[in-house]
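> One structure follows; several queries about it will come next.
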Amino acid sequence: MEFTTNRKRITISAILTAVLLVLIVCNIPAFIDQDSKQFQIGWFLLTVVVAGLFGAVTAFRIRFQEEKWEKRVSILLLCCSPIITFGIVEYVNNNVNIFFDFNLANFVMNLLWYYLVYGVIYALTNRIRVTIWISNTLFWLFAIVNYAVTLFRGEPILPWDFMSVGTALSVASNYTFVMTWNVLLATCLMLLWNMVASKLTYVNRSLKANIIGKVAIVSASIVFVTVFYQESTLPKLGLSVYTWRQAQSTHDHGIVLSLAMNTQFLMVDSPEDYSVQQVEAISNQIDTRDFYQVSETSMEQKPNIIAIMNESLADFRQVGDFQTNQELMPFLTNLTENTIKGNLYMSIHGSGTCNSEFEFLTGNSMAFLPSGCRPYQQYITDDTYSLVSTLNDQGYTSLAVHPYYAAGWNRDRVYPLLGFQDFVSMEDFENPEYIREYISDKSSYDKVIDLYEQKDPDERLFLFNVTMQNHGGYLDYSNGFQNTVEILNKPEGQEFPKTEQYLTLIQESDKAFEYLVNYFSQQEEPTIILMFGDHQPTLEDEFYDFLVGPFDQRTFEEQMRSFITPFYIWANYDIPEQTVEHMSANYLSNLLLDVAGLEKTEYNQFLDGIQEQLPVFTAIGYVDNQNNYYRLEDYKNDPVYASLIDSYDMMQYNYLFDPKNRLNSVFTISDQAG
Numbered sequence: 018m019e020f021t022t023n024r025k026r027i028t029i030s031a032i033l034t035a036v037l038l039v040l041i042v043c044n045i046p047a048f049i050d051q052d053s054k055q056f057q058i059g060w061f062l063l064t065v066v067v068a069g070l071f072g073a074v075t076a077f078r079i080r081f082q083e084e085k086w087e088k089r090v091s092i093l094l095l096c097c098s099p100i101i102t103f104g105i106v107e108y109v110n111n112n113v114n115i116f117f118d119f120n121l122a123n124f125v126m127n128l129l130w131y132y133l134v135y136g137v138i139y140a141l142t143n144r145i146r147v148t149i150w151i152s153n154t155l156f157w158l159f160a161i162v163n164y165a166v167t168l169f170r171g172e173p174i175l176p177w178d179f180m181s182v183g184t185a186l187s188v189a190s191n192y193t194f195v196m197t198w199n200v201l202l203a204t205c206l207m208l209l210w211n212m213v214a215s216k217l218t219y220v221n222r223s224l225k226a227n228i229i230g231k232v233a234i235v236s237a238s239i240v241f242v243t244v245f246y247q248e249s250t251l252p253k254l255g256l257s258v259y260t261w262r263q264a265q266s267t268h269d270h271g272i273v274l275s276l277a278m279n280t281q282f283l284m285v286d287s288p289e290d291y292s293v294q295q296v297e298a299i300s301n302q303i304d305t306r307d308f309y310q311v312s313e314t315s316m317e318q319k320p321n322i323i324a325i326m327n328e329s330l331a332d333f334r335q336v337g338d339f340q341t342n343q344e345l346m347p348f349l350t351n352l353t354e355n356t357i358k359g360n361l362y363m364s365i366h367g368s369g370t371c372n373s374e375f376e377f378l379t380g381n382s383m384a385f386l387p388s389g390c391r392p393y394q395q396y397i398t399d400d401t402y403s404l405v406s407t408l409n410d411q412g413y414t415s416l417a418v419h420p421y422y423a424a425g426w427n428r429d430r431v432y433p434l435l436g437f438q439d440f441v442s443m444e445d446f447e448n449p450e451y452i453r454e455y456i457s458d459k460s461s462y463d464k465v466i467d468l469y470e471q472k473d474p475d476e477r478l479f480l481f482n483v484t485m486q487n488h489g490g491y492l493d494y495s496n497g498f499q500n501t502v503e504i505l506n507k508p509e510g511q512e513f514p515k516t517e518q519y520l521t522l523i524q525e526s527d528k529a530f531e532y533l534v535n536y537f538s539q540q541e542e543p544t545i546i547l548m549f550g551d552h553q554p555t556l557e558d559e560f561y562d563f564l565v566g567p568f569d570q571r572t573f574e575e576q577m578r579s580f581i582t583p584f585y586i587w588a589n590y591d592i593p594e595q596t597v598e599h600m601s602a603n604y605l606s607n608l609l610l611d612v613a614g615l616e617k618t619e620y621n622q623f624l625d626g627i628q629e630q631l632p633v634f635t636a637i638g639y640v641d642n643q644n645n646y647y648r649l650e651d652y653k654n655d656p657v658y659a660s661l662i663d664s665y666d667m668m669q670y671n672y673l674f675d676p677k678n679r680l681n682s683v684f685t686i687s688d689q690a691g
């Protein structure tokens with residue numbers, strides 16, 4: 018083995034090393050431990066050393082005296098690369114525990130997926146160094162993106178996220194990427210490994226050996242994937258996805274393996290024993306009584322209906338006790354007259370707004386769909402029955418308003434399929450008020466008022482408004498925004514800047530809703546306004562720990578509190594006041610129809626029957642009418658409610674996935690009348 022260099026190589030090496038060292042020095046705060054506030058001199062020096070090694074390797078050219086030794090070194094480097102990359106990916110995401118809490122099944126299955134990727138790329142390129150370059154870079158990029166996604170929303174990349182890239186990019190600029198020494202060191206290691214690989218020029222030029230190798234790689238890949246996706250494989254190995262705790266799943270199983278395990282949920286299988294006859298039998302037993310006996314409204318008195326899904330609206334007083342220097346939601350707290358309010362349990366936390374829309378507008382539950390999926394992007398592909406179509410059948414004009422990009426979550430395609438006749442998005446707002454980088458709730462409500470004032474006097478309006486003001490991230494001080502809320506009883510040494518910005522935003526939401534209610538309280542036309550939060554925000558983990566203790570030490574009931582948002586139904590005419598302690602989003606449209614005194618479909622009435630026994634039913638768990646909490650994953654063993662839940666599953670499958678045999682009369686007003 019011979020090492021040679023020249024002035025050009027040394028110059029290039031010096032420039033690249035200098036750039037890398039400048040990057041490290043500019044990110045010195047990344048080496049300060051957030052807990053101890055101590056500078057991690059050891060990690061800093063190690064990163065600098067790796068950067069120096071990268072420069073040294075760059076400066077030299079390696080020549081082998083015999084090709085057989087270059088072949089051996091090249092193959093060794095290729096075989097070691099998946100192991101090194103596995104470590105880098107987990108290290109970037111601060112998940113090195115997977116190596117210390119050693120689990121053979123986790124370790125081997127992760128490595129097999131890495132080897133599969135390297136093998137396929139090698140089969141395509143027949144170049145060892147190109148294979149290492151491409152594979153290392155792809156996995157490094159995946160690690161960085163996964164770290165960022167987890168940082169922003171609290172859960173890792175899931176298979177369905179690849180369909181949401183446009184939506185993610187549209188809001189990414191409003192988050193703050195936090196550089197860590199893990200990212201810097203892993204980047205230097207990846208560059209060093211790629212540079213070492215670049216010194217190897219060996220190519221297998223034997224046609225026969227190439228063909229045999231490619232056949233072997235493809236065959237092994239097919240066998241591995243086939244065995245991996247067999248229903249019995251993962252349970253035998255003790256591997257399972259924590260569908261509602263994806264961050265914990267990646268923590269325990271590794272990032273690539275968890276992603277691979279989640280792909281098994283890409284397809285929605287029909288429920289066990291599903292048949293049209295079973296669905297017909299269920300529909301024949303539907304009780305036509307309304308769950309909420311709220312009001313009797315004649316056809317001449319149909320109210321206008323405004324439904325607001327307020328971005329990240331949450332009341333953390335339902336999670337735990339804390340004190341602030343200002344009252345957070347004075348108007349909403351004291352809103353009681355002609356008001357129904359309560360706690361709404363959601364199926365998501367921190368992100369996935371469109372899933373809350375889906376549950377509210379359709380009455381369907383995310384509980385029967387793959388974890389992390391996005392129905393707007395995967396399942397709503399043609400005309401779909403919904404609250405919108407139910408109101409349209411009763412003479413309403415249905416409009417949607419969203420003060421952001423129309424294409425987000427495919428809304429511009431999905432809303433017409435749900436029955437909306439027009440969609441007003443960010444492009445239709447003139448000179449709106451911005452809070453941070455988003456159009457304010459007040460400007461969104463101004464648009465609602467404007468649309469109301471444009472309608473004909475005898476026209477009845479259903480208007481669905483999805484706000485944006487409170488969207489994460491919560492370290493955004495653009496447009497002069499300042500935090501005014503301070504948490505007074507923070508644990509010593511802890512700061513919650515994200516939480517305090519979020520709470521300041523909630524104050525603005527409270528003021529905006531007061532503005533909207535004051536306007537409609539002066540209008541003669543009967544009008545109902547519903548507002549609810551789509552999910553709790555992603556804030557500091559330490560804030561949640563402060564409120565209710567570390568996640569793994571919470572009871573299941575306490576864990577479920579992380580999925581509660583408030584809802585408020587107010588009318589500018591007399592309705593009975595009521596407080597609802599437990600309800601989930603899939604039932605909310607039923608309550609809205611009852612308050613408005615409007616006709617409901619048989620499916621709505623079917624949901625009334627489910628709600629009577631299970632007032633909360635989400636993708637996380639369910640709560641019965643005796644206030645007992647159950648994990649969703651255990652429902653098949655539930656002797657009391659398993660049959661009821663199975664019937665819900667069958668009805669929803671018929672609704673979403675069996676268009677040829679769909680019982681249209683169950684899901685529409687018009688077909689019932691016919």
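This note's numbering numbers the first residue of the sequence shown as 18 and each following residue consecutively.
For every residue, glycine included, the Cβ atom is placed at its ideal position computed from N, Cα and C.
Is the CB-CB distance between Ile523 and Met363 below 8 Å?
Result no, Cβ atoms of Ile523 and Met363 do not sit closer than 8 Å.
> Taking a contact to mean a Cβ-Cβ separation below 8 Å, would you say Met10 touches Tyr519 in this structure?
The structure shown has nothing for residue 10, since the chain only spans 18 to 691.
> Looking at the unbroken beta strand (DSSP E) that takes in Leu547, where does it start and where does it end?
Thr544 to Gly550 is the span of the beta strand (DSSP E), which, as asked, contains Leu547.
> Measuring alpha carbon to alpha carbon, tell me which residue in Gln622, Ile546, Lys88 and Ser382 is nearest Asn327.
Nearest option by C-alpha distance: Ile546.
> What are the boundary residues of the beta strand (DSSP E) that Leu416 is part of?
Its beta strand (DSSP E) spans residues Tyr413 to His419.
> Report the option in Cys390, Ile322, Ile149 and Glu374 whose CA atom is closest to the CA atom of Gln263.
Comparing Cα positions, the closest option is Cys390.
> Taking the alpha-carbon of Leu698 as reference, which of Leu209, Gly369, Ile49 and Ser236 has the nearest alpha-carbon?
Shown here, the chain extends from 18 to 691; a query on residue 698 therefore has no answer.
> May I ask you to list the residues that DSSP assigns as paired with Ile325?
In DSSP, Ile325 forms a bridge with Asn482 and Met548.
> Just to confirm before moving on: does the CB-CB distance between Phe563 and Gln576 stay below 8 Å?
Result no, Cβ atoms of Phe563 and Gln576 do not sit closer than 8 Å.
> Leaving aside the five residues before and after Gln669 along the sequence, list all residues of the same chain whose C-beta is less than 6 Å from its C-beta, in chain order.
Excluding positions up to five away in sequence, the list reads Asn381 and Phe385.
> Determine, using beta carbons only, whether Val67 and Cys205 come nearer to each other than 8 Å.
Yes, the Cβ-Cβ distance between Val67 and Cys205 is below 8 Å.
> With distances taken Cα to Cα, identify the nearest neighbour of Ser287 among Asp641, Leu673 and Phe684.
If we check each option's Cα against that of Ser287, Leu673 comes out closest.
> Measuring only the C-alpha atoms, how far is Ile41 from Gly59?
Their backbone Cα atoms lie some 14 Å apart in a straight line.
> Check whether the stretch 274 to 288 touches the stretch 143 to 151, taking contact to mean three or more Cβ pairs, one atom from each stretch, closer than 8 Å.
No, because fewer than three Cβ pairs between the stretch 274 to 288 and the stretch 143 to 151 fall closer than 8 Å, the two stretches do not touch.
> For Lys358, report the span of its beta strand (DSSP E) as first-last.
Counting along the chain, the beta strand (DSSP E) containing Lys358 begins and ends at Thr356 to Tyr362.
> Check this for me: beta carbons of Thr203 and Ala160, under 8 Å apart or not?
The displayed chain sequence assigns Ala, not Thr, to residue 203. Yes, these two residues count as a Cβ contact at 8 Å.
> What three-state label does DSSP hand Tyr402 in the structure shown?
Of the three classes helix, strand and coil, the one that applies to Tyr402 here is coil, per DSSP.
> Between Asp429 and Pro420, what straight-line distance do the alpha-carbon atoms span, to the nearest angstrom?
Going by the C-alpha atoms only, they are around 13 Å apart.
> What are the start and end residues of each continuous beta strand (DSSP E) run of 3 or more residues lying completely inside the stretch 559 to 637, in chain order?
Runs found: 581 to 588 and 595 to 601.
> Is the beta carbon of Val106 closer than 8 Å to that of Val258?
Contact flag unset, no.
> May I ask which residues mark the beginning and end of the alpha helix (DSSP H) holding Ile115?
First-last of the alpha helix (DSSP H) with Ile115: Asn114 to Phe117.
> Considering Cα atoms alone, identify which of Glu557, Gly566, Phe117 and Leu505 is closest to Gln343.
Among Glu557, Gly566, Phe117 and Leu505, the Cα nearest to that of Gln343 belongs to Leu505.
> Rounded to a whole number of angstroms, what is the C-alpha to C-alpha distance between Ala214 and Leu93?
Rounded to whole angstroms, Ala214 to Leu93 spans 11 Å at the Cα level.
> Compute the Euclidean distance between the alpha carbons of Leu33 and Thr218, then round it to the nearest angstrom.
Cα to Cα, Leu33 sits roughly 22 Å from Thr218.
> Please state whether DSSP places Thr350 in a helix, a strand or coil.
Thr350: helix per DSSP, three-state reduction.
> Specify, as a first and last residue, the run of the beta strand (DSSP E) that Arg144 falls within.
From DSSP, Arg144 is part of no beta strand (DSSP E); its letter is neither H nor E.
> Using the DSSP secondary-structure output, state which residues sit across from Val441 in a beta bridge.
The partner list for Val441 (beta bridge, DSSP) reads Val418.
> Under three-state DSSP, which class holds Val640?
DSSP places Val640 in strand when its eight states are reduced to three.
> Below 8 Å, can you find three or more Cβ-Cβ pairs linking the stretch 400 to 419 to the stretch 581 to 596?
Too few Cβ pairs lie closer than 8 Å, so no.
> Whose CA, out of Gln499, Glu476 and Leu378, lies closest to the CA of Phe437?
Out of Gln499, Glu476 and Leu378, Leu378 has the C-alpha closest to the C-alpha of Phe437.
> For a test of the three-state rule: what should DSSP assign to Arg648, helix, strand or coil?
Three-state result, Arg648: strand.
> Are there three or more Cβ pairs, one per stretch, closer than 8 Å when the stretch 225 to 238 is compared with the stretch 83 to 99?
Cβ pair count under 8 Å is below three, so no.
> Rounded to whole angstroms, what is the Cα-Cα separation between Leu38 and Phe580?
Going by the C-alpha atoms only, they are around 44 Å apart.
> Put Tyr396 into one of helix, strand or coil per three-state DSSP.
Coil, per DSSP.
> Given Ser312, which residues of its chain have a CB within under 8 Å of its CB, disregarding the five upstream and five downstream residues?
Only weak support is given to the placement of Ser312: the predicted model assigns it a pLDDT of 49, under 50, and the value that follows is read from those uncertain coordinates. The answer, listed in chain order, is Ile592, Pro593, Asp611, Val612, Ala613 and Gly614.
> Under three-state DSSP, which class holds Phe339?
Phe339: coil per DSSP, three-state reduction.
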